[in-house]
Amino acid sequence: MKFSSTIALSIISVASASIISPCCNEPITTFEGEFALGIVELCDPGTIYLAYENECGQLEHNCETYDCGCNECVVTLVADAAAAAATPTPTPLAAVKVAPTAVAAAPIKVAERGGVETCPVKLCDLCYPYCTIDENCVDYFTLCDTVLKDAQYRIGQIACNHELIFTYPVEYNALYTCGWSIVFKDCYYVLALNGCTTFWECPVDNCGTYKIFDESIDCACKPVEIVIIFKTCD
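So the sequence shown is residues -17 to -1, 1 to 217, counted in mature numbering (1 follows the signal peptide of the UniProt record, and there is no 0).
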């Protein structure tokens, strides 16, 4: 009897240990709350540039940085990036031009939402360390049922020129108008489009201003990820 009880307790312990919050493994498609967006260059994962919208709804960033706080794995990422930069590669970065990605495999018109509705994920539901912000003078965004919106309820989309913009109504020839999610990757919660987390920053002037695209449109573009910076409760 004692042996049977021990086995039963062991089974219960294993079963309990295998129960993991869905947000740990599944993409977040609906989040209850607002968040800002930051840009991290894949070659410099330790620096986050605060993103903002211009008057036309285009997502941009400049030299303004954001400090996510002490994060041990970011130090590791910086060291790995430095080691990778010191290792010679057969293909120079300048040779990387317009490269099709999984996101832009096929142009898609305005996609319709549907399927099983998911419960909103709250800040307290997040399983991993995350970046936060409580400033008022930044642009905030929301995510509901894979649809990304700004504070003016304009819809985030990939325009026909592969640029990330916010408009309402959506552009008739937009490539993507939904399919957004939040996933945990490389020590950050980042924005994903149809599961792809790699975007591109491309310079628009000589003053350090960049716009965001889902594809590289020029040899001067750099691969980036879009970091989610969650707004803390008021």
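All residues carry an ideal CB built from backbone N, CA and C; glycine is no exception.
Quick caveat, the model's predicted, so the values are computed rather than measured.
Closest in alpha carbon position to residue 47, among 40, 172 and 35, is 35.
The three-state secondary structure of residue 46, taken from DSSP, is strand. Per the C-alpha coordinates, the member of 184, 128 and 31 positioned closest to residue 165 is 128.
In the structure shown, the three-state DSSP call for residue 117 is coil. A Cβ-Cβ contact shorter than 8 Å links residue 193 with residue 43. Ranked by Cα distance from residue 16, the options 31, 126 and 143 are led by 126.
Three or more beta-carbon pairs separated by less than 8 Å are not found between the stretch 191 to 205 and the stretch 108 to 122, which leaves the two stretches without contact. Here residue 122 is near residue 133, since their CB atoms are less than 8 Å apart.
Scanning the stretch 103 to 171 for uninterrupted beta strand (DSSP E) segments of 3 residues or longer gives 114 to 116, 124 to 127, 130 to 133, 138 to 141, 147 to 150 and 163 to 168, listed from N- to C-terminal end. When DSSP states are grouped into helix, strand and coil, residue 198 belongs to the coil group. With contacts defined by Cβ atoms closer than 8 Å, residue 14 and residue 104 form a contacting pair.
Taking each of 51, 30 and 138 in turn and checking the Cα distance to residue 45, the smallest one comes out for 30. For residue 51, there is no enclosing beta strand (DSSP E), as DSSP marks it with neither H nor E.
Distances from the CA of residue 204 to each of 155, 191 and 107 were compared; the closest alpha carbon is that of 191. By the 16-neighbour rule on beta-carbons within 10 angstroms, residue 152 is exposed.
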